[in-house]
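Chains as they are written, first to last, in this note's numbering: chain A, 1 to 205; chain B, 1 to 205.
Just so it is clear, CB atoms sit at the ideal spot from N, CA and C, and this is done for glycine as well.
Number of protein chains: 2
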Amino acid sequence: MAIADRKAKEKEQLKTLILNSARKLFVQNGVEQTTIRSIAKNIDYSVGTVYLYFKDKNAILNELHSLGFAQLGEQFKVLANVEKPMERLMAMGRLYINFAMENPDMYELMFTLKAPMAVLNESKKEEWDEGKSAFGVLKTTVEQCINQHHFEGHKAEPLTFMIWGLVHGMCSLQISDRAKAVHFENEDQIVSAGYEEFLKILKKL
Amino acid sequence: MAIADRKAKEKEQLKTLILNSARKLFVQNGVEQTTIRSIAKNIDYSVGTVYLYFKDKNAILNELHSLGFAQLGEQFKVLANVEKPMERLMAMGRLYINFAMENPDMYELMFTLKAPMAVLNESKKEEWDEGKSAFGVLKTTVEQCINQHHFEGHKAEPLTFMIWGLVHGMCSLQISDRAKAVHFENEDQIVSAGYEEFLKILKKL
DNA sequence: CAAATATAATGAACATTGTTCATTATATGA
DNA sequence: TCATATAATGAACAATGTTCATTATATTTG
């Protein structure tokens, strides 16, 4: 059935086209401004067509959300070269912060907006694989640190969550304009500066 | 001009009525579901009337946002009884987390949603007083800790931001369903558990 | 090849939002 | 009592997500 194959490929292509358009507009203009109509217009298709390929707007956001994790995962690959777990942990935080600061809208979609998570809640079976796997990478590193006798007396999982929360929190405050509003001496460096303080602490543990 | 006074009082009362209604609906149903129409209907006034008292929906959110800070400030008052800065710092984090877990929608409004911040951006002169003052309280405590020779080699402001980020981050991940999606052993205790790990670290510094 | 069928695409139409503003009602002052 | 100022109304508008009957295109069949 060569024809069916080709059709499947075409469908896949159009889906990708929609997704790429959505991503472009989304990164340019944010979630709210990225309307189904604007996506459709951007690729010269009708509104209805978009709905043939995606159940609703949340479904699109959910796929972009996955793309974001792929992108972050790509950047995390260099960490494989860092042998010492403690150094790897520190480098991971830096990469995470860099990603957040350079892709604030994508970051928001990945870690703040509820919309992409709503999709998972509907189909209850499905779990948040990207999240679990990303968290797993961090947790493994923390466990390796513990094996090397760092973090004396700590429990791996809550500690890992705390570290995630620490970097996420600073990024989140920055992206949501809360850090700016507080008026730091060096506004756009405050996240890095905060992370440096954390590193000082890490080196004592 | 007793009449003018009474009129001013009436205006103030209606404004408060709108605000209370908005808060009730907001805490019950979240931001999106709290429509101007639902607020108006709830107090038996017309849509237009709401707009006589508030410029737009963001203005309402911004006032709720302020009420949230008043509420949190109220809970922080007990901290005045904690003499030792280090203990006060630890208690502050706990109060912050409790507030976030018990008032997730309010917390989101205060520290995540961009809408209430948009009001500040319009009238550029106005700064985020509540934010600055809340951060100031935390920063002062951290400085007092430093004066008592804790946090050797740390800079007060970035360190304070880091600590804020730490508690905010965990709360934020929990409220945005990211923590849940990762499936911890003890899901609803993960924020507290994470904070406990932080306290262990604090005690070493 | 032509007709019948299946697949894909369309865009008008609906419901729901925030928001505006001409109109109506009410209260105040002359 | 009437003129004026103030307050309240709700219909109407634009923008959005979403649906679905209709149209267009492609595929299969006789």
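Below 8 Å on the Cβ atoms is my contact criterion, and I expect residue 43 of chain A with residue 25 of chain A to pass it. Report the Cβ-Cβ distance as a whole number of Å. Here residue 43 of chain A refers to the residue found at position 43 when the first sequence is read from its first residue. Here residue 25 of chain A refers to the residue found at position 25 when the first sequence is read from its first residue. About 10 Å; that fails the 8 Å criterion.
What in chain B is Cβ-close to residue 190 of chain A, meaning under 9 Å? The residue you call residue 190 of chain A lines up with position 190 of the first sequence. Neighbours of residue 190 of chain A on chain B, chain order: 157, 158 and 161.
Inter-stretch contact at 8 Å, needing at least 3 Cβ pairs: the stretch 92-102 of chain A / the stretch 188-197 of chain A: Cβ pair count under 8 Å is three or more, so yes.
Output the boundary residues of the alpha helix (DSSP H) element that contains residue 144 of chain A. As a position in the first sequence, residue 144 of chain A is number 144, starting the count at 1. From DSSP, the alpha helix (DSSP H) with residue 144 of chain A extends over 129-147.
Distance, residue 204 of chain B Cα to residue 157 of chain A Cα: Here residue 157 of chain A is taken as the residue at index 157 of the first sequence, counted from 1. Here residue 204 of chain B is taken as the residue at index 204 of the second sequence, counted from 1. One Cα belongs to residue 157 of chain A, the other to residue 204 of chain B, and the distance between them is close to 20 Å.
Answer with yes or no whether the minimum CB distance from residue 172 of chain B to chain A is below 8 Å. Taking the second sequence and counting its residues from 1, one reaches residue 172 of chain B at position 172. Yes, residue 172 of chain B counts as interfacial toward chain A.
What's the C-alpha gap between residue 109 of chain A and residue 134 of chain B? Your numbering for residue 109 of chain A matches position 109 in the first sequence. Your numbering for residue 134 of chain B matches position 134 in the second sequence. Answer to the nearest angstrom: the Cα atoms are 27 Å apart.
Would you kindly report the start and end of the unbroken alpha helix (DSSP H) that includes residue 161 of chain B? Here residue 161 of chain B corresponds to residue number 161 of the second sequence, with the count starting at 1. For residue 161 of chain B, the enclosing alpha helix (DSSP H) has its first and last residue at 156-175.
C-alpha distance - residue 49 of chain A paired with residue 27 of chain A, whole-angstrom precision: Numbered from its first residue, the first sequence carries residue 49 of chain A at position 49. Numbered from its first residue, the first sequence carries residue 27 of chain A at position 27. Just so you know, the alpha carbons of residue 49 of chain A and residue 27 of chain A end up roughly 22 Å apart.
8 Å is my cut-off, CB to CB: does residue 197 of chain B come that close to chain A? For the purposes of this step, residue 197 of chain B is identified with residue 197 of the second sequence, where counting begins at 1. Under the 8 Å criterion on CB atoms, residue 197 of chain B is classed as interfacial with respect to chain A.
Straight-line Cα distance separating residue 54 of chain A from residue 79 of chain A: Within the first sequence, the letter at position 79 stands for residue 79 of chain A. Within the first sequence, the letter at position 54 stands for residue 54 of chain A. Their backbone Cα atoms lie some 35 Å apart in a straight line.
For residue 52 of chain B, count the other beta carbons within 10 Å of its own beta carbon; 16 or more makes it buried, fewer makes it exposed. Which is it? In the second sequence, the residue the question calls residue 52 of chain B occupies position 52. Flag for residue 52 of chain B reads exposed.
So, at 8 Å on beta carbons, what are the nonlocal neighbours of residue 179 of chain B in its own chain, with the 5 sequence-adjacent residues on each side left out? Your numbering for residue 179 of chain B matches position 179 in the second sequence. Counting only Cβ-Cβ distances below 8 Å, and skipping sequence neighbours, we find 170, 173, 187, 190 and 191.
With H, G and I counted as helix, E and B as strand and the rest as coil, what does DSSP make of residue 43 of chain B? Numbered from its first residue, the second sequence carries residue 43 of chain B at position 43. When secondary structure is reduced to three states using DSSP, residue 43 of chain B falls in the coil class, being assigned neither helix nor strand.
Quick one: is residue 62 of chain B buried, meaning 16 or more other Cβ sit within 10 Å of its Cβ, or exposed? As a working note, residue 62 of chain B is residue 62 in the second sequence. Buried: at least 16 other Cβ atoms inside 10 Å.
Neighbouring residues, chain A, relative to residue 16 of chain B (Cβ below 9 Å): Taking the second sequence and counting its residues from 1, one reaches residue 16 of chain B at position 16. Neighbours of residue 16 of chain B on chain A: none; closest Cβ ~26 Å, over 9 Å.
Give a yes or no on whether 8 Å exceeds the smallest Cβ distance from residue 93 of chain A to chain B. Residue 93 of chain A sits at position 93 when you count from the first residue of the first sequence. Closer than 8 Å: no.
Taking all protein chains shown into account, decide if residue 123 of chain B is buried (16 or more other Cβ within 10 angstroms of its Cβ) or exposed. Taking the first residue of the second sequence as position 1, residue 123 of chain B is located at position 123. Exposed.
Give the C-beta separation of residue 22 of chain B and residue 60 of chain B to the nearest angstrom, bearing in mind that I take them to be a contact with Cβ-Cβ under 8 Å. Walking along the second sequence from the start, residue 22 of chain B turns up at place 22. Walking along the second sequence from the start, residue 60 of chain B turns up at place 60. So it is a contact: roughly 5 Å between Cβ atoms.
Enumerate in chain order the residues of its own chain whose CB-to-CB distance from residue 130 of chain A is below 7 Å, with the five nearest sequence positions on each side excluded. Against the first sequence, residue 130 of chain A aligns to sequence position 130. Around residue 130 of chain A: 66 and 69.
Is the Cβ-Cβ distance between residue 112 of chain A and residue 176 of chain B less than 8 Å? Your numbering for residue 112 of chain A matches position 112 in the first sequence. Your numbering for residue 176 of chain B matches position 176 in the second sequence. It is a contact, given that the beta carbons lie within the stated cut-off.
What do you get for residue 154 of chain B, buried or exposed, if any count of 16 or more other CB atoms within 10 angstroms of its CB means buried? On the second sequence, residue 154 of chain B is found 154 positions in, with the first residue counted as 1. By the 10 Å Cβ count, residue 154 of chain B comes out buried.
Taking only three categories from DSSP, how would you classify residue 114 of chain A? Taking the first residue of the first sequence as 1, we reach residue 114 of chain A at position 114. Correct three-state label for residue 114 of chain A: coil.
Per-residue contacts from residue 165 of chain B into chain A (C-beta, under 7 Å): Taking the second sequence and counting its residues from 1, one reaches residue 165 of chain B at position 165. Under a criterion of Cβ atoms nearer than 7 Å, the residues of chain A adjacent to residue 165 of chain B are, in order, 166, 169, 170, 173 and 194.
Compare the C-beta of residue 73 of chain A with all C-beta atoms of chain B and state if any pair is closer than 8 Å. Translated into the one-based positions of the first sequence, residue 73 of chain A becomes position 73. It does not; no Cβ of chain B falls within 8 Å.
Against chain B, does residue 31 of chain A count as a neighbour if the rule is that its beta carbon must be under 8 Å from one of theirs? For the purposes of this step, residue 31 of chain A is identified with residue 31 of the first sequence, where counting begins at 1. No Cβ of chain B is located within less than 8 Å of the beta carbon of residue 31 of chain A.
Near residue 206 of chain B, which residues of its chain fall below 6 Å by C-beta distance, leaving aside the five closest residues on each side in sequence? In the structure displayed, chain B extends from 1 to 205; residue 206 of chain B sits before or after that span and is not available.
Considering only residues of the same chain and omitting the five flanking positions on each side of residue 115 of chain A, which have a CB-CB separation below 7 Å? Residue 115 of chain A sits at position 115 when you count from the first residue of the first sequence. Close CB contacts of residue 115 of chain A within its chain, under the 7 Å cut and outside five residues either way in sequence, are with 58 and 61 (chain order).
Report the residue ranges of all alpha helix (DSSP H) runs contained in full by the stretch 21-92 of chain B; include only those spanning at least 4 residues, in chain order. Listed in chain order, the complete alpha helix (DSSP H) runs (minimum 4 residues) inside the stretch 21-92 of chain B are 36-42, 47-53 and 57-76.
Quick one: list the residues of chain A neighbouring residue 137 of chain B, beta-carbon separation under 8 Å, in chain order. Taking the second sequence and counting its residues from 1, the one referred to as residue 137 of chain B is at position 137. Chain A residues near residue 137 of chain B: none, gap ~12 Å exceeds 8 Å.
Extent of the continuous alpha helix (DSSP H) run through residue 123 of chain B: Counting from 1 along the second sequence, the entry for residue 123 of chain B is found at position 123. Residue 123 of chain B -> no alpha helix (DSSP H), and no H or E assigned at all.
Mind checking the stretch 175-187 of chain A against chain B and listing, in chain order, the residues whose C-beta falls within less than 8 Å of any C-beta there? Listed by position, the residues of the stretch 175-187 of chain A near chain B (Cβ gap below 8 Å) are 176, 177, 178, 179, 181, 182, 183, 184 and 185.
Unbroken alpha helix (DSSP H) run spanning residue 184 of chain B, endpoints: Taking the second sequence and counting its residues from 1, the one referred to as residue 184 of chain B is at position 184. No residue range can be given for residue 184 of chain B, since it is assigned to no alpha helix (DSSP H) and is classified by DSSP as neither H nor E.
Length of the line joining the Cα atoms of residue 45 of chain A and residue 105 of chain A: As a position in the first sequence, residue 45 of chain A is number 45, starting the count at 1. As a position in the first sequence, residue 105 of chain A is number 105, starting the count at 1. Looking at the two C-alpha atoms, the distance is approximately 25 Å.
Euclidean distance between Cα positions of residue 162 of chain A and residue 64 of chain A: The residue given as residue 162 of chain A occupies position 162 in the first sequence. The residue given as residue 64 of chain A occupies position 64 in the first sequence. A straight line joining the alpha-carbon of residue 162 of chain A with that of residue 64 of chain A spans about 26 Å.
Through-space distance from residue 20 of chain B to residue 10 of chain B, alpha-carbon basis: On the second sequence, position 10 is the one that residue 10 of chain B refers to. On the second sequence, position 20 is the one that residue 20 of chain B refers to. Taking the straight line joining both Cα atoms gives about 15 Å.
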